[in-house]
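S.K.: In order, the protein sequences belong to chains S and C. Numbering of the first sequence is given in my numbering, commencing with residue 1411 and proceeding in unit increments. Numbering of the second sequence is given in my numbering, commencing with residue 11 and proceeding in unit increments.
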Amino acid sequence: MENFSQRLLRRAASTPSRVAVQLLQAGQPDHTLTYADLCAHAAGYAAALAAAGVQPGAVVIIILQHGAALLAAYWGVVLHGAVPAIMPFLTEKLARERYLADLASLLRITQPAALITYAAFKNEVRAALPPEASVRAVLLSEAVTPAAEWSAAALAGTRADVQAVALLQHSSGTTGLQKGVALSHRAVLNQLQAYGGALQTSSADVVVSWLPLYHDMGLIAGFIMPILSGMLLVLLSPFDWVRRPALLLQAISTHRGTLSWLPNFALNFCAQKIRDRDLEGVDLRSLRALINCSEPTRAESHTLFAQRFAASGLARGALATCYAMAENVFAVTQSEPGSAPNVDVVDPAALSRNENAQALRTLAGGTQMLSNGRALPNVQIEIRSADGATLPERHLGEIALRSDCLLESYYKRPDLTSGAFSGGWYLTGDLGYLADAELYITGRKKDVMIVGGKNIHPHDIEDLAGAVAGVHAGRVVAFGVFNAERGTEDVVLVAEADTPATAELAAAVRDRVNRGTDVALAAVHLVPPGWIIKTSSGKAARSANRDKYQAAVAGTEVR
Amino acid sequence: MTTPTDISNQLAAQIATAVLKTPLHPPLPNAALISSGLIDSFHLVDLALFVEDTFGVQLDDGELNAQCFDSIAQLTALIVQRQAG
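#1: Can you check which of these residues, Ala1523(S), Thr1520(S), Leu1433(S), is closest to Ala1479(S) by C-alpha distance?
#2: Any beta-carbon of chain C closer than 8 Å to the one on Phe1679(S)?
#3: Is the Cβ of Phe65(C) closer than 8 Å to any Cβ of chain S?
#4: Quick check on this structure: which residue in Glu1895(S), Ala1954(S), Leu1474(S), Trp1485(S) has the alpha carbon closest to the alpha carbon of Leu1459(S)?
#5: Spell out the partners DSSP gives His1441(S) in its beta bridges.
#6: Quick check: the segment 1850-1858 of chain S against the segment 1551-1558 of chain S, are there 3 or more CB pairs under 8 Å?
#7: Report the residue ranges of all alpha helix (DSSP H) runs contained in full by the segment 1587-1640 of chain S; include only those spanning at least 4 residues, in chain order.
#8: With a 10 Å radius around its C-beta and 16 neighbouring C-beta atoms as the bar for buried, classify Arg1506(S) as buried or exposed.
#9: Nearest-angstrom Cα distance between Ala1913(S) and Arg1885(S)?
#10: For Val1652(S), would you say it is in contact with chain C, using Cβ-to-Cβ distances shorter than 8 Å as the test?
#11: Kindly say whether Arg1956(S), judged by its beta-carbon, lies nearer than 8 Å to any beta-carbon of chain C.
#12: Between which two residues does the alpha helix (DSSP H) holding Ile82(C) run?
#13: What is the rounded straight-line gap between the Cα of Asp1615(S) and the Cα of Leu1642(S)?
#14: State yes or no: is the beta carbon of Gly47(C) nearer than 8 Å to at least one beta carbon in chain S?
#15: Does the separation of the CB atoms of Ala1656(S) and Leu1697(S) fall below 8 Å?
#16: Gly1486(S) lies in the alpha helix (DSSP H); which residues open and close that run?
#17: Taking Cβ positions only, does Ser51(C) come closer than 8 Å to chain S?
#18: Applying the 10 Å Cβ sphere with the 16-neighbour rule, what's the burial state of Glu1765(S)?
#19: What are the boundary residues of the beta strand (DSSP E) that Leu1841(S) is part of?
#20: Name the two residues that bound the continuous alpha helix (DSSP H) containing Glu1507(S).
#21: Taking just the CA atoms, how far does Asn1752(S) sit from Tyr1843(S)?
#22: Checking 8 Å against the spacing of the C-beta atoms, do Thr1731(S) and Ser1781(S) come in under that value?
#23: For a contact meaning CB atoms closer than 8 Å, what does Lys1683(S) contact in chain C?
#24: In the structure shown, what three-state DSSP assignment does Glu1906(S) receive?
#25: Whose Cβ in chain S lies nearer than 9 Å to the Cβ of Ile44(C)?
#26: Is there contact between the segment 39-47 of chain C and the segment 1919-1926 of chain S, where contact requires at least three CB pairs shorter than 8 Å?
#27: Kindly identify the DSSP beta-bridge partner or partners of Thr1731(S).
#28: Name the chain B residues whose beta carbon is nearer than 7 Å to that of Leu74(C)?
#29: How is Asn1766(S) classed by DSSP in three states: helix, strand or coil?
#30: Between which two residues does the beta strand (DSSP E) carrying Asn1893(S) extend?
#31: May I ask you to list, following chain order, the residues of the segment 1913-1925 of chain S that have a beta carbon less than 8 Å from some beta carbon of chain C?
#32: Would you call Ser1813(S) buried or exposed, if buried means 16 or more other Cβ atoms sit within 10 Å of its Cβ?
#33: At what residue ranges does the segment 38-73 of chain C contain a whole run of the alpha helix (DSSP H), taking only runs of 4 or more?
#34: Can you look up Arg1784(S) in the DSSP assignment and give me helix, strand or coil?
#35: Under 8 Å between C-beta atoms, does Val1968(S) make it to chain C?
#36: Output the distance between the C-alpha atoms of Ala1511(S) and Thr1585(S), rounded to the nearest integer angstrom.
Put into structure tokens, the structure is as follows:
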């Protein structure tokens, strides 16, 4: 089996002038990168890493904004045989001290040999380095130019063992950055082969993506897969897309896009926020599959999107679903391309008794569950009861999976790694059921919230809110409340106030959380001491407090 | 005619109702909206649509950032300037 570098260099050798990436940037001309361009620029980074004494196999953290330098730096780390990990760049709202504290803990755990960032950011990065730092070099992207000449044989990445770790993938936030999913070359390439088969991909496919590369969906489906599999990648910036969602559909139309991935909320966002004038001339007939993935998929969102864009040529059956996670590289299941995913109508009462392995029955007027399709050919799925027994079809339980593309470990976190597996099966923490071998997701056993496709850890929010003066320490709870209009979860925080609750205190809590995380709170609900329900399990407490909150605010104003 | 104060009040009421869900506590005219994270990127698009529908002024997507406006007062000034031009 080839490794990453061999695969990339083979593409560059056989089709050097083929376009690998068309980078679209608002207000600037498109930037076209052929395989030869990409490899030359990446080879420049590989040479800079070698010159700095960075050893193959070491971790290199990349802190660059979405753009050409990020793409080249990533493959440069790969060609040097080192292990890339992307740290999201500082955003407009995130407090600098919080960001640098998160960076420091990422550096402490991953022990990188080098960082790649901008000259303007160098001093701040240096300040975040822990005293006994492993970091040999901070490379500046401005100083790295494409290599005028380079030879494949001189690149250490061509000698990387396929069983070695190829990359680290982190989810966002303080907790997520301390849990890097380590994936081997073999695992990633096994995923690409299995997933490419499920989607029946070919070199005629054109992937259009606005997803950030630090997220598994953006990194694998919207970056590594198209480049290593020889499909044209048309890449937009997430910052441009969120301000003008029509850009995605316009790019699909202009570049005859065939495949695109988005989280569920983006279907609602596009259907609701795009103006008709931005759809003039937009033709979506080229689209084979627009794949809803990374947060619970909703039948209502598919209906909304399909109705809004049918007039633009969106094919019936182009909307697809996928269940994915970084721990399996990416996809676990995929619905059949070209046909709309099945909808299973079930009794909502059975769903609400989540962990009781309740047999489901089909019921008119019940809850519409959208199928996530069948397991990829290299993946086995089982549904487990609370005591670990394998359950039959149409029984709710925890989703366990086994495949040839699972993570090697949570990087340098043996404590987390051992707890994630049971007898070779990875326990996902997601709840669902199988029907006709298709997977339906019903909820989560773990605490994490999923907001706009991003995993958000409630502890991160509670720690920040609990430190605000006037909030009773330790008496805060954060949870997600599904917002049907947005098609994703709203984050709500309930806090007990030491003093009479005021609008100023609520505003201070909101500000602390908004500036300390990458979510914006939808509501801050201040309550008197003793309001919050405490139990031995954080998960149970969150769900009990969510119920109490929803009962309290029903029909009243949220402060 | 719509005065700058009317515009400012309408913006504050819209943000309080649609974004913050605190209709009794509208944000102050000079409170930071974007750099504070009070309005996330998704709500910025809503705000641009509201401005267009209510005041007949188009905001370019390149203007939806804290450099162009970060408060109700600054957004009001931008709207007044556009309406005059």
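Even for Gly, the Cβ is constructed at its ideal location relative to N, Cα and C.
M.R.: In brief:
#1: The shortest Cα separation from Ala1479(S) among Ala1523(S), Thr1520(S), Leu1433(S) belongs to Leu1433(S).
#2: yes
#3: For Phe65(C), the nearest beta carbon of chain S is not closer than 8 Å to its own beta carbon.
#4: Trp1485(S)
#5: Leu1433(S)
#6: no
#7: 1595-1609, 1635-1639
#8: exposed
#9: 18 Å
#10: yes
#11: no
#12: Judged by DSSP secondary structure, Ile82(C) falls within the alpha helix (DSSP H) whose first and last residues are 82-94.
#13: 7 Å
#14: yes
#15: Between Ala1656(S) and Leu1697(S), the C-beta gap is not smaller than 8 Å, which leaves the two residues out of contact.
#16: 1478-1489
#17: yes
#18: Only weak support is given to the placement of Glu1765(S): the predicted model assigns it a pLDDT of 48, under 50, and the value that follows is read from those uncertain coordinates. When all chains shown are included, Glu1765(S) counts as exposed.
#19: Its beta strand (DSSP E) spans residues 1835-1845.
#20: 1506-1520
#21: 14 Å
#22: yes
#23: Val55, Asp56, Leu59
#24: strand
#25: Glu1502, Lys1503
#26: yes
#27: Beta-bridge analysis with DSSP links Thr1731(S) to Asn1702(S).
#28: No chain B appears in the structure shown, which is made up of the protein chains S and C.
#29: In this predicted model, Asn1766(S) has a pLDDT of only 49, less than 50, meaning its place in the structure is not dependable; the value taken from the coordinates is given anyway. Helix.
#30: Residues 1881-1893.
#31: Ala1913, Ala1916, Ala1917, Arg1920, Asp1921, Asn1924, Arg1925
#32: buried
#33: 51-65
#34: strand
#35: Unreliable placement is indicated for Val1968(S), whose pLDDT of 44 sits below 50; no coordinate value is reported for it.
#36: 12 Å
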